[in-house]
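Everything on this sheet refers to the single structure shown next.
Protein chains: 4
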Amino acid sequence: MRGVNKVILIGNLGRDPDVQFLEGNIAVAKFSLATTETFKDRAGKLISQTEWHTVVLWRGLAELAQKYLHKGSLVYIEGRLRTRSWEDKEGNKKFATEVVGDNLVMLDKRMDVGNGDHAISHGSGSSTGQQSGPGHHGEGFPGIEIPPMGEAADDLPF
Amino acid sequence: MRGVNKVILIGNLGRDPDVQFLEGNIAVAKFSLATTETFKDRAGKLISQTEWHTVVLWRGLAELAQKYLHKGSLVYIEGRLRTRSWEDKEGNKKFATEVVGDNLVMLDKRMDVGNGDHAISHGSGSSTGQQSGPGHHGEGFPGIEIPPMGEAADDLPF
Amino acid sequence: MRGVNKVILIGNLGRDPDVQFLEGNIAVAKFSLATTETFKDRAGKLISQTEWHTVVLWRGLAELAQKYLHKGSLVYIEGRLRTRSWEDKEGNKKFATEVVGDNLVMLDKRMDVGNGDHAISHGSGSSTGQQSGPGHHGEGFPGIEIPPMGEAADDLPF
Amino acid sequence: MRGVNKVILIGNLGRDPDVQFLEGNIAVAKFSLATTETFKDRAGKLISQTEWHTVVLWRGLAELAQKYLHKGSLVYIEGRLRTRSWEDKEGNKKFATEVVGDNLVMLDKRMDVGNGDHAISHGSGSSTGQQSGPGHHGEGFPGIEIPPMGEAADDLPF
DNA sequence: TTTT
DNA sequence: TTTT
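Going down the list, the sequences are from chains H, L, D and W.
Reading the first sequence from the start, the letters are residues 157 to 314 in our numbering.
Reading the second sequence from the start, the letters are residues 157 to 314 in our numbering.
Reading the third sequence from the start, the letters are residues 157 to 314 in our numbering.
Reading the fourth sequence from the start, the letters are residues 157 to 314 in our numbering.
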């Protein structure tokens with residue numbers, strides 16, 4: 157990688173998520189998210205400003221959105237920007253920038269997830285899906301983010 | 157700047173904030189914040205892992221913490237890492253790493269702030285405190301983040 | 157604020173910045189930024205994927221862009237998403253999502269800035285521009301992010 | 157997950173990385189990273205402030221650090237905070253806060269990596285290590301972050 | 001349209 | 001202990 161493309165949002169869903177299933181039973185969720193920032197201008201007047209984002213979630217995260225998110229839900233979304241372009245029937249060039257989420261935290265329901273993919277059967281059978289996101293580890297083979305620092309600290313010469 | 161030092165936390169306060177006032181009536185708040193990440197290990201077992209952070213807030217943010225935060229509050233904190241070192245009475249070198257917050261969003265109370273400094277009398281009188289953080293603007297002199305894009309869009313040759 | 161709207165990008169400028177000056181001599185810079193991520197797919201093949209973003213900078217940051225950035229420059233941009241909509245002459249609804257930057261770090265030139273606004277004469281004369289961004293402090297009145305922790309540590313009862 | 161614990165740093169290595177191999181041939185790299193922020197105080201004087209962080213990398217990222225990083229290297233690190241505590245021989249309680257990195261971008265060498273783990277043989281054989289980080293996809297089974305938006309866009313009813 |  |  158020679159780049160970073162990261163978005164962090166906290167806001168409320170404008171509507172229930174729109175969830176579709178593609179071939180292979182792959183879930184895709186889409187919803188609008190409003191992030192509202194309030195501040196005082198120089199005159200001391202409270203100003204509120206809302207920005208709307210299109211959020212897209214895939215697979216496990218999409219299924220979680222379907223199960224747990226609804227209009228008004230407060231969520232934390234971490235993801236990356238993706239701009240798609242196409243031409244409509246009249247031949248007009250169209251652009252849409254979306255936030256493709258790879259982490260989701262539900263902030264009003266006391267429930268949440270890491271990279272939801274880990275909870276989903278991959279179909280490919282042997283997949284063990286070790287994602288980064290929050291941090292995952294294995295049994296005999298601890299993952300990257302949760303190294304055996306506790307027990308194995310003695311092995312560390314630092 | 158040739159560097160970036162940024163921390164983003166969402167978690168719960170372990171205790172009520174400890175708020176002190178220094179000379180000049182400058183507020184400083186300090187509290188422990190627990191960030192808990194849950195995930196499945198390779199065996200599919202749900203693992204929960206909590207990390208504790210020391211958060212320090214100054215001035216307006218400290219006063220907001222005093223007013224609105226308490227043990228258990230769920231907050232979003234954005235700030236930077238700061239490590240202090242000193243020697244205790246026995247001459248042992250001690251280190252403490254803290255997160256100095258410059259943005260705070262309260263996630264269970266439906267109330268929150270940008271860079272709290274803007275809401276606070278600066279004592280220096282003329283202070284006009286134009287902060288970045290969330291975005292602020294003035295009257296005759298619009299701020300950086302909230303440019304007159306709406307009205308002035310026609311002026312923009314892009 | 158009841159929301160967070162944050163974008164972090166590292167990438168290269170596709171062209172020299174386009175800088176304009178609005179009424180009041182306010183600078184606005186605009187440029188395309190490519191963020192490229194490379195990774196291996198499941199077959200082990202190296203995949204490179206580039207996303208293009210429109211970055212907008214105001215005032216001091218715009219002037220810095222004009223002075224120091226050019227086609228190919230590698231930069232770190234921190235900002236927020238802003239979607240504008242309008243109708244073109246044919247009455248087609250158009251959308252454009254931009255990243256309004258409030259922090260900039262130049263990564264190939266060994267020079268960089270915080271929230272550039274502080275380094276720029278505001279014309280309004282009295283401006284004292286205390287921004288958050290990196291951290292600023294004053295003389296008799298230290299700022300939020302750089303509290304007198306060093307000297308004043310003894311005052312702190314923590 | 158009911159929490160977020162995220163750190164983003166850009167800075168220079170103070171020394172060459174210290175790389176160790178644990179049982180199972182698991183690499184661990186450790187180094188100090190200096191993040192320097194420069195700004196003007198209220199008097200207009202340029203102030204430079206350096207913070208030192210301890211960064212820990214595991215497995216693939218550690219091996220990349222060993223191969224490509226050295227004293228002075230400029231890097232982007234994304235990770236999470238982890239505080240360890242122990243007692244030294246005199247029975248003094250000690251704390252150390254580290255940044256456990258799960259993404260690394262080299263900014264002076266024109267070379268870089270995603271979550272390096274994907275490039276590393278896991279030894280456990282069957283591991284397929286699909287991490288989030290930058291975004292990964294497969295052949296017949298596209299990953300989360302790089303969905304077949306291009307081709308499959310027609311399948312999307314949005 | 002960038003970069004490696 | 002880095003870097004500009």
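All residues carry an ideal CB built from backbone N, CA and C; glycine is no exception.
> Of all Cβ atoms in chain L, is any one closer than 9 Å to the Cβ of glutamate 234/D?
Replying inline: yes
> Are the C-beta of isoleucine 164/H and some C-beta of chain D separated by less than 9 Å?
Replying inline: yes
> Since glycine 167/D meets chain H, which of its residues come closer than 7 Å, beta carbon to beta carbon?
Replying inline: Gly159
> How many angstroms separate the CA atom of valine 163/L from the CA atom of lysine 245/D?
Replying inline: 45 Å
> Can you list the residues of chain L that valine 261/D reaches, using a CB-CB cut of under 9 Å?
Replying inline: Met157, Arg158, Gly159, Val160
> Sorted by chain position, which residues of the same chain lie with C-beta nearer than 7 Å to serine 280/D's C-beta, five sequence neighbours on each side aside?
Replying inline: Residue confidence for serine 280/D is low, a pLDDT of 27 falling below 50, so the modelled location carries little weight; the figure read from the coordinates is stated next. None.
> When the Cα atoms are used, what is the spatial distance from arginine 158/H to glutamate 234/W?
Replying inline: 14 Å
>> Which residue marks the beginning of the alpha helix (DSSP H) containing glycine 243/L, and which one marks its end?
In response: Reading off the sequence, residue 243/L comes out as glutamate, not glycine. Taken as a continuous stretch (DSSP letters only), glutamate 243/L belongs to no alpha helix (DSSP H), being part of the beta strand (DSSP E) at 230 to 243.
> So, does the CB of alanine 199/L fall closer than 9 Å to a CB anywhere in chain W?
Replying inline: no
> DSSP state of glycine 159/L, grouped into three classes?
Replying inline: coil
> Does any CB atom of chain H fall closer than 9 Å to the CB of leucine 213/L?
Replying inline: no
>> Between which residues of its own chain and alanine 190/L is the CB-CB distance below 6 Å, once the five residues before and five after are set aside?
In response: Gly167, Asn168, Gly170, Thr206, Trp208
> Quick one: which chain D residues come within Cβ less than 9 Å of tryptophan 208/H?
Replying inline: Thr239
>> Output needed for aspartate 174/D: all residues of its chain with C-beta closer than 6 Å, excluding positions within five of it in sequence on either side, in chain order.
In response: Lys186
> What do you get for alanine 218/D, buried or exposed, if any count of 16 or more other CB atoms within 10 angstroms of its CB means buried?
Replying inline: buried
> In chain L, which residues lie with their C-beta within 9 Å of the C-beta of alanine 252/W?
Replying inline: Phe251, Thr253
> Which two residues bound the contiguous alpha helix (DSSP H) that contains alanine 221/L?
Replying inline: 215 to 224
> Between the Cα of glutamine 222/D and the Cα atoms of Asp172/D, Arg236/D, Arg238/D, Asp258/D, which residue gives the shortest distance?
Replying inline: Asp172/D
> For leucine 225/L and chain H, any beta-carbon pair shorter than 9 Å?
Replying inline: no
> Out of curiosity, what's the CA-to-CA distance linking valine 261/H and arginine 238/W?
Replying inline: 20 Å
> Do leucine 230/D and aspartate 264/D have their CB atoms nearer than 9 Å?
Replying inline: yes
>> Please report the distance separating the alpha-carbon of leucine 202/H from that of threonine 194/H.
In response: 7 Å
> From leucine 165/H to alanine 252/W, what distance separates their C-alpha atoms?
Replying inline: 30 Å
> Interface residues of chain L around asparagine 181/W at Cβ under 9 Å?
Replying inline: Within 9 Å Cβ-Cβ: nothing; asparagine 181/W doesn't reach chain L, min ~19 Å.
> Between the Cα of threonine 192/W and the Cα atoms of Val160/L, Gly247/L, Glu254/L, Asn259/L, which residue gives the shortest distance?
Replying inline: Val160/L
> What number of angstroms, rounded off, separates the C-alpha of arginine 240/H from the C-alpha of leucine 178/L?
Replying inline: 53 Å
> So leucine 263/L is in the beta strand (DSSP E); what residue range does that whole segment cover?
Replying inline: No beta strand (DSSP E) contains leucine 263/L, which DSSP labels as neither H nor E.
> So is glutamate 243/W buried or exposed if we call it buried at 16+ other beta carbons inside 10 Å?
Replying inline: exposed
> Does DSSP put asparagine 168/D in a helix, in a strand, or in coil?
Replying inline: strand
> Buried or exposed: which applies to alanine 199/L, given that a residue is buried once 16 or more other Cβ atoms fall within 10 Å of its Cβ?
Replying inline: exposed
> What three-state label does DSSP hand alanine 199/H in the structure shown?
Replying inline: coil
>> Please report the straight-line C-alpha distance between aspartate 197/H and leucine 213/L, rounded to a whole angstrom.
In response: 22 Å
>> Going by C-alpha to C-alpha distance, which of Val184/L, Tyr224/L, Ser204/L sits closest to threonine 136/L?
In response: Residue coverage of chain L in this structure runs from 157 to 314, which leaves residue 136/L outside it and unanswerable.
>> Between which residues of its own chain and lysine 249/W is the CB-CB distance below 7 Å, once the five residues before and five after are set aside?
In response: Ser241, Glu243
>> On a Cα-Cα basis, can you pick out the residue from Ser188/D, Glu254/D, Val256/D that is closest to lysine 227/D?
In response: Ser188/D
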